[in-house]
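Asks:
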Amino acid sequence: MSVTLDEIIARFGGKLIGEGTIEVDGLAPIDSATMSQLSFLSNPLYFAQIPNSRAGAIIISHADFDKIVGHDNRSWIIASNPYAYFARVAQMFSEILQPIFLPKIHPSAVIDASAVIPTTVSIGPNTVIEANVRLGQRVRILGNVFIGQGSNIDDDVLLYPNCTLYHSTVIGARCIIHAGAVIGSDGFGFAPDFTVTGKEWIKIPQVGRALIGDDVEIGASTSIDRGTMADTVIEKGCKIDNQVQIGHNVRIGAYTVIAGCTGIAGSSTIGRYCMIGGAVGVAGHITIGDRVIVTGKSSVSKSISGPGIFTSMFPAMPNADWNKNAAIMRNLHKMRDRLRRLEATVKKLQDK
Amino acid sequence: MSVTLDEIIARFGGKLIGEGTIEVDGLAPIDSATMSQLSFLSNPLYFAQIPNSRAGAIIISHADFDKIVGHDNRSWIIASNPYAYFARVAQMFSEILQPIFLPKIHPSAVIDASAVIPTTVSIGPNTVIEANVRLGQRVRILGNVFIGQGSNIDDDVLLYPNCTLYHSTVIGARCIIHAGAVIGSDGFGFAPDFTVTGKEWIKIPQVGRALIGDDVEIGASTSIDRGTMADTVIEKGCKIDNQVQIGHNVRIGAYTVIAGCTGIAGSSTIGRYCMIGGAVGVAGHITIGDRVIVTGKSSVSKSISGPGIFTSMFPAMPNADWNKNAAIMRNLHKMRDRLRRLEATVKKLQDK
Amino acid sequence: MSVTLDEIIARFGGKLIGEGTIEVDGLAPIDSATMSQLSFLSNPLYFAQIPNSRAGAIIISHADFDKIVGHDNRSWIIASNPYAYFARVAQMFSEILQPIFLPKIHPSAVIDASAVIPTTVSIGPNTVIEANVRLGQRVRILGNVFIGQGSNIDDDVLLYPNCTLYHSTVIGARCIIHAGAVIGSDGFGFAPDFTVTGKEWIKIPQVGRALIGDDVEIGASTSIDRGTMADTVIEKGCKIDNQVQIGHNVRIGAYTVIAGCTGIAGSSTIGRYCMIGGAVGVAGHITIGDRVIVTGKSSVSKSISGPGIFTSMFPAMPNADWNKNAAIMRNLHKMRDRLRRLEATVKKLQDK
Chain A
2 MSVTLDEIIA RFGGKLIGEG TIEVDGLAPI DSATMSQLSF LSNPLYFAQI
52 PNSRAGAIII SHADFDKIVG HDNRSWIIAS NPYAYFARVA QMFSEILQPI
102 FLPKIHPSAV IDASAVIPTT VSIGPNTVIE ANVRLGQRVR ILGNVFIGQG
152 SNIDDDVLLY PNCTLYHSTV IGARCIIHAG AVIGSDGFGF APDFTVTGKE
202 WIKIPQVGRA LIGDDVEIGA STSIDRGTMA DTVIEKGCKI DNQVQIGHNV
252 RIGAYTVIAG CTGIAGSSTI GRYCMIGGAV GVAGHITIGD RVIVTGKSSV
302 SKSISGPGIF TSMFPAMPNA DWNKNAAIMR NLHKMRDRLR RLEATVKKLQ
352 DK
Chain B
2 MSVTLDEIIA RFGGKLIGEG TIEVDGLAPI DSATMSQLSF LSNPLYFAQI
52 PNSRAGAIII SHADFDKIVG HDNRSWIIAS NPYAYFARVA QMFSEILQPI
102 FLPKIHPSAV IDASAVIPTT VSIGPNTVIE ANVRLGQRVR ILGNVFIGQG
152 SNIDDDVLLY PNCTLYHSTV IGARCIIHAG AVIGSDGFGF APDFTVTGKE
202 WIKIPQVGRA LIGDDVEIGA STSIDRGTMA DTVIEKGCKI DNQVQIGHNV
252 RIGAYTVIAG CTGIAGSSTI GRYCMIGGAV GVAGHITIGD RVIVTGKSSV
302 SKSISGPGIF TSMFPAMPNA DWNKNAAIMR NLHKMRDRLR RLEATVKKLQ
352 DK
Chain C
2 MSVTLDEIIA RFGGKLIGEG TIEVDGLAPI DSATMSQLSF LSNPLYFAQI
52 PNSRAGAIII SHADFDKIVG HDNRSWIIAS NPYAYFARVA QMFSEILQPI
102 FLPKIHPSAV IDASAVIPTT VSIGPNTVIE ANVRLGQRVR ILGNVFIGQG
152 SNIDDDVLLY PNCTLYHSTV IGARCIIHAG AVIGSDGFGF APDFTVTGKE
202 WIKIPQVGRA LIGDDVEIGA STSIDRGTMA DTVIEKGCKI DNQVQIGHNV
252 RIGAYTVIAG CTGIAGSSTI GRYCMIGGAV GVAGHITIGD RVIVTGKSSV
302 SKSISGPGIF TSMFPAMPNA DWNKNAAIMR NLHKMRDRLR RLEATVKKLQ
352 DK
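The listed protein sequences derive, respectively, from chains A, B and C.
Start counting the first sequence at 2; every next residue gets the next number (my numbering).
Start counting the second sequence at 2; every next residue gets the next number (my numbering).
Start counting the third sequence at 2; every next residue gets the next number (my numbering).
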């Protein structure tokens, strides 16, 4: 399957420079694209690769296009946001490559008679749909998925295999939930009572829900707990990577993205348009404002009000060097005390 | 469904102040409770919210009750441990809200003829129960669960969907295992032998078991490896959050709690009544004594004998400030050397 | 089942000292082995336990054997690599203990008619095998596994329950994939475009594949994303522990081992024979050379060319001590500035 640059421009806009009748059959990075492929420049690091690229055409910003000295005779698509433009064209190509979901219900699926199932949905083998579940139009469910009773799945949701939605979970339209993800599991709440032997930790029932807004993507093996009394809420447009853990009663603001292996402890609130790096830890009961960036591997233990970039990660060093510094670090207060004493001594010497 | 305060007192104890005939139909935090709800004060932070709370009644300690100036005419339940009291009342209410498990075996479950299955159990769709598995009374299994051969599940265990128990796993009474958890997977053990090409890492068979004591709760997507030769043991009453990884031959002492995303490497022993925070890393082959608290995101690389609180986490700072400090940290030994030289110089000046 | 030392020597080599007709029925550590068991010394820490060990025979290196003063009359197997020797003997014993996989296909498995399924495979209950999947000889699949369309599983692969392979995944010969693992999930790729409301993050289709080489083991709940345009590649002989996250377009070189809870961000390349500790974070778009060791809990944010050991982990300290140092750390640049001023002052005093 191939399309002409004219067809791409007609669908996604942008300005063509060169031949509109050129056909492309896919997308590829600048350094590996072939003559029949379309490429894109979004990262200035790759600017220097353009002259040697074999790409049939390149999506580029106006500013970058103007920087090129001596344009070769390939074709160009000038776009204000080349990366987003690339993403849209890639979506077009992938519609052909992706597995097809015809509306059908596999006979091995176990669906409670009370569930509301439109005729447009696709339900894979061994899926379990409990009582009073409501599926929207064109919901696509692969195999071995479990949807607990009373859950509500909005239109065009895509559920990958072996994911689990506990009872009363709400999933917004167009969400994508990857394999092994768990939504609506019990939060980690126990009241200590060491006066009663055998009941040292009393389980606090988790009767809130997990509410996932529209256009949220949730990665493989990510877990999102239900709320204790109120709900856990992931607002619309959030993108959450693999292996992320989100505790009970957390609220994540719209369009926030969270990279893999990050953990957000219970009852914390994260603002809108935040970018939380990978393997970050956010303590419980704190608030992070809008447009906060937390870089990978950092720890947030106190509330952060405003926008800004926050960090607490040390990069790895050769082990021997690290250990030398770490040993000093263990006694940093002694070093400060020595400095203080020295300052006092020098003061006296000066005063002499 | 609602109950009177008198009924609650009759069941859970405590002392009533006010109207015993008042009916409550649920629990809620102090700031959001309505007149028909019961609230509780366990965190002194919320003490100031009491006068404005609309809660019909509040569970409170004697000491906190005495601190209130000018008691309004709401009702009170005086309890020695208001949080545990709240948890018990919440459990009573949640028994009505929780999905019901009638004893029945879904016809799609695949159960080996040799398995021992009492008539009181509930087994959901697409569950696989292999040979020689033994289920206790009132075990409840949701859909798509896998129980490997020879496993022994004690009374009143609750297994959520898509969890996996490898062969020979032992689960104590009243355990709760959440969705996607994996118990009894192979430990990470390989003998290096780079003399034989193609067999560089020789797998060490993992023939021990994973033994889970009574009243343990295991979170979503948590994995607990089986032992290599001896067993991996989680003692009674432990509570383990989501996304926790516990390596082979680890022993966790009774009533220890472990928050999400923490990893415990192989052959380490953790004592009783410990509290391990989220995203903590515990190295292999070490021992942590009883009643040790490790705060979130810390790393434990050496044994810790006694009780106490242990930490190695830096909180995130504005990125520019952090980088300035981190650059100095990289050369902390140079700073110490400068201090030493300065001390020597000042000494000479003094001696002049 | 028991075997004589002569039989073991005949199969695995090594030199016997003592009685070859002694029978052993299993393996155990030096301190717990019984007279009918074979033990091994690979860690010098346990050398001192030898005189008191009840083990019927011990696998030991020539050098360690020579260190023993006054050999007792037990038997010994002298091996150049006692740990690897132990692993091989353990594999022999475990073949008897492991669950047996007879070639058979459970009737509840849902297998597309276009899939290629040799007669030697074993497929457990509720497994889903989509169109155009190709299984090799003697592939063993436990229950509730999902294999997406067009995937290719080579000979002797073992898939544990509830694992998920997305479409077009390639698994090399003799791989072992543990429960709950997810291979080939979408990478975390979104193009920001905040000019179009409701489409703030445009999903970049992930049309590459996940390619897993021969003899790779992948732990429970580990996730490996497919590539965006090119493929994610795990080369032969890698061993990956539980709860590891590997992003799109990552390449891991042959024989590298990665311990639990580690995350590797997208487009990074890790060399051959590396050892990556537990809970390590590797940033995206960097390169780590061959034979690099990264110790547990460290963060790698820049490329590392050569072999060596790299670290950035602080061990936990008593909380009060840590906080004192951490407070100084927050203002380390001020301490450096004080040192500078003091150096200048002392210089002036010297010059007087």
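Idealized CB from N, CA, C, for every residue including glycine.
Less than 6 Å between C-beta atoms, sequence neighbours within five positions excluded: which residues of the same chain meet that for Val245(A)?
Replies: For the purposes of this step, residue 245(A) is taken as residue 244 along the first sequence, with counting starting at 1. Excluding residues within five positions, the ones whose Cβ falls inside 6 Å are Thr223, Ile259 and Thr263.
Asks: Given a limit of 8 Å on CB to CB distance, which residues of the region 278-306 of chain C reach chain B?
Replies: Gly279, Ala280, Gly297 and Lys298
Asks: Which of the three DSSP states, helix, strand or coil, is assigned to Val347(B)?
Replies: Counting from 1 along the second sequence, the entry for residue 347(B) is found at position 346. Reduced to three states, the DSSP call for Val347(B) is helix.
Asks: Compile a chain-ordered list of the residues in the region 25-53 of chain A whose CB is closer than 8 Å to at least one CB of chain B.
Replies: Taken residue by residue, none of the region 25-53 of chain A has a beta-carbon sitting less than 8 Å from a beta-carbon on chain B.
Asks: Val355(B) and Val158(B): beta carbons closer than 7 Å?
Replies: In this structure chain B extends from 2 to 353, so residue 355(B) is not present and cannot be described.
Asks: What residues in the region 241-263 of chain B have a beta carbon less than 8 Å from any beta carbon of chain C?
Replies: Gln244, Gln246, Gly248 and Cys262
Asks: Quick one, are the C-beta atoms of Asp26(A) and Ser3(A) less than 7 Å apart?
Replies: Residue numbering aside, residue 26(A) sits at position 25 when the first sequence is read from its first letter. Residue numbering aside, residue 3(A) sits at position 2 when the first sequence is read from its first letter. In this structure, Ser3(A) lies closer than 7 Å to Asp26(A) by Cβ.
Asks: For Ile31(A) and Ala56(A), what's the separation of their Cα atoms in angstroms?
Replies: Residue 31(A) sits at position 30 when you count from the first residue of the first sequence. Residue 56(A) sits at position 55 when you count from the first residue of the first sequence. Cα-Cα distance, rounded: 7 Å.
Asks: Taking 7 Å as the limit between beta carbons, can you name the residues of its chain near Ile203(B), skipping five residues before and five after?
Replies: Working through the second sequence from its first residue, we reach residue 203(B) at position 202. Answer for Ile203(B): Phe191, Ala192 and Asp194, listed in chain order.
Asks: Let me know the beta strand (DSSP E) ranges lying completely inside the region 244-286 of chain A, each 3 residues or longer, listed in chain order.
Replies: none
Asks: Using 8 Å as the threshold, is the region 228-247 of chain B in touch with the region 205-219 of chain B, meaning 3 or more CB pairs across them?
Replies: yes
Asks: Applying the 10 Å Cβ sphere with the 16-neighbour rule, what's the burial state of Thr22(A)?
Replies: One-based indexing of the first sequence puts residue 22(A) at position 21. By the 10 Å Cβ count, Thr22(A) comes out exposed.
Asks: With DSSP collapsed to three states, give me the class of Val90(A).
Replies: Here residue 90(A) refers to the residue found at position 89 when the first sequence is read from its first residue. Helix at Val90(A).
Asks: Ile213(B) to Gln38(C), Cα distance in whole Å?
Replies: Along the second sequence, one-based indexing puts residue 213(B) at 212. Along the third sequence, one-based indexing puts residue 38(C) at 37. Approximately 27 Å between the Cα atoms of the pair.
Asks: So is Thr196(A) buried or exposed if we call it buried at 16+ other beta carbons inside 10 Å?
Replies: Along the first sequence, one-based indexing puts residue 196(A) at 195. Result: exposed.
Asks: Using 7 Å as the limit for Cβ to Cβ distance, is Trp202(C) near chain B?
Replies: Taking the third sequence and counting its residues from 1, one reaches residue 202(C) at position 201. Trp202(C) does not count as touching chain B.
Asks: Looking only at C-alpha atoms, which of Asn53(C), Gln50(C) and Asn44(C) sits nearest to Ser62(C)?
Replies: Residue 62(C) sits at position 61 when you count from the first residue of the third sequence. Measuring from the Cα of Ser62(C), the nearest candidate turns out to be Asn44(C).
Asks: On the three-state DSSP scale, how would you describe Phe195(C)?
Replies: Here residue 195(C) corresponds to residue number 194 of the third sequence, with the count starting at 1. Correct three-state label for Phe195(C): coil.
Asks: So, for Asp136(B): in the same chain, excluding its five sequence neighbours on each side, which residues have a beta-carbon less than 6 Å away from its beta-carbon?
Replies: Here residue 136(B) refers to the residue found at position 135 when the second sequence is read from its first residue. Here residue 136(B) turns out to be Leu, not Asp, going by the sequence shown. Excluding residues within five positions, the ones whose Cβ falls inside 6 Å are Ile118, Val122 and Ile154.
Asks: Determine the DSSP secondary structure at Glu218(A), reduced to helix, strand or coil.
Replies: Mapped onto the first sequence, residue 218(A) falls at position 217. Strand, per DSSP.
Asks: Going by DSSP in three states, Asn326(B) sits in which element: helix, strand or coil?
Replies: Here the question's residue 326(B) lines up with position 325 in the second sequence. Three-state DSSP puts Asn326(B) in a helix.
Asks: Compute the beta-carbon to beta-carbon distance between Lys298(C) and Gly282(B), rounded to the nearest angstrom, for a pair I have assumed lies under 8 Å.
Replies: Residue 298(C) sits at position 297 when you count from the first residue of the third sequence. Residue 282(B) sits at position 281 when you count from the first residue of the second sequence. About 4 Å separates the two Cβ atoms, so the contact holds.
Asks: Helix or strand or just coil, what does DSSP make of Met336(A)?
Replies: Within the first sequence, residue 336(A) is the residue found at index 335, counting from 1. Three-state DSSP puts Met336(A) in a helix.
Asks: Could you tell me which of Phe311(C), Gly285(C) and Ala284(C) sits nearest to Asp291(C), measuring between CA atoms?
Replies: Counted from its first residue, the third sequence places residue 291(C) at position 290. Looking at Phe311(C), Gly285(C) and Ala284(C), the one whose alpha-carbon comes closest to that of Asp291(C) is Phe311(C).
Asks: For a test of the three-state rule: what should DSSP assign to Ile61(C), helix, strand or coil?
Replies: Locating residue 61(C) in the third sequence gives position 60, where the first residue counts as 1. Ile61(C) falls in the strand class under three-state DSSP.
Asks: Since I believe Tyr161(A) is in contact with Leu143(A) (beta carbons under 8 Å), could you give me their beta-carbon distance rounded to a whole number of angstroms?
Replies: For this step, residue 143(A) is matched to residue 142 along the first sequence. For this step, residue 161(A) is matched to residue 160 along the first sequence. That belief holds up - the Cβ atoms of Leu143(A) and Tyr161(A) are roughly 5 Å apart, short of 8 Å.
Asks: I'd like to know whether the C-beta atoms of Ile329(A) and Arg337(B) end up nearer to each other than 7 Å.
Replies: As a first step, residue 329(A) must be located in the first sequence, where it is residue number 328. As a first step, residue 337(B) must be located in the second sequence, where it is residue number 336. For Ile329(A) and Arg337(B), yes; Cβs fall inside 7 Å.
Asks: Under DSSP, the alpha helix (DSSP H) around Leu46(C) begins and ends at which residues?
Replies: Residue numbering aside, residue 46(C) sits at position 45 when the third sequence is read from its first letter. Premise fails: Leu46(C) is in no alpha helix (DSSP H) and is neither H nor E.
Asks: Under 7 Å, CB to CB, which of the residues in the region 176-199 of chain C have a partner in chain B?
Replies: Answer set for the region 176-199 of chain C: His179, Ala180 and Gly181.
Asks: Is the Cβ-Cβ distance between Ile287(A) and Ser304(A) less than 7 Å?
Replies: The residue labelled residue 287(A) in the question sits at position 286 within the first sequence. The residue labelled residue 304(A) in the question sits at position 303 within the first sequence. For the pair Ile287(A) and Ser304(A), the CB atoms are nearer than the 7 Å cut-off.
Asks: Using CA coordinates, which residue listed in Gly285(A), Ile277(A) and Met276(A) is at the minimum distance from Ser269(A)?
Replies: As a working mapping, residue 269(A) is identified with position 268 in the first sequence. It is Gly285(A).
Asks: Less than 7 Å separating the beta-carbons of Met276(B) and Ile294(B)?
Replies: Residue numbering aside, residue 276(B) sits at position 275 when the second sequence is read from its first letter. Residue numbering aside, residue 294(B) sits at position 293 when the second sequence is read from its first letter. Yes, they are a contact pair.
Asks: Is it the case that the Cβ atoms of Gly149(C) and Ala80(C) are separated by a distance below 7 Å?
Replies: For the purposes of this step, residue 149(C) is identified with residue 148 of the third sequence, where counting begins at 1. For the purposes of this step, residue 80(C) is identified with residue 79 of the third sequence, where counting begins at 1. No, these two residues do not count as a Cβ contact at 7 Å.
Asks: Could you tell me the distance, in whole angstroms, from the CA atom of Ile59(B) to the CA atom of Leu42(B)?
Replies: By one-based count along the second sequence, residue 59(B) stands at place 58. By one-based count along the second sequence, residue 42(B) stands at place 41. Going from the Cα of Ile59(B) to the Cα of Leu42(B) covers about 7 Å.
Asks: Who are the neighbours of Phe87(A) on chain C, taking C-beta pairs under 8 Å?
Replies: Against the first sequence, residue 87(A) aligns to sequence position 86. Ala192 and Ile205, listed in chain order.
Asks: For Asn243(B) and Asp242(A), I'd like the C-alpha separation in whole angstroms.
Replies: Stepping through the second sequence from its first residue, residue 243(B) is reached at position 242. Stepping through the first sequence from its first residue, residue 242(A) is reached at position 241. Distance between the alpha carbons of Asn243(B) and Asp242(A): 16 Å.
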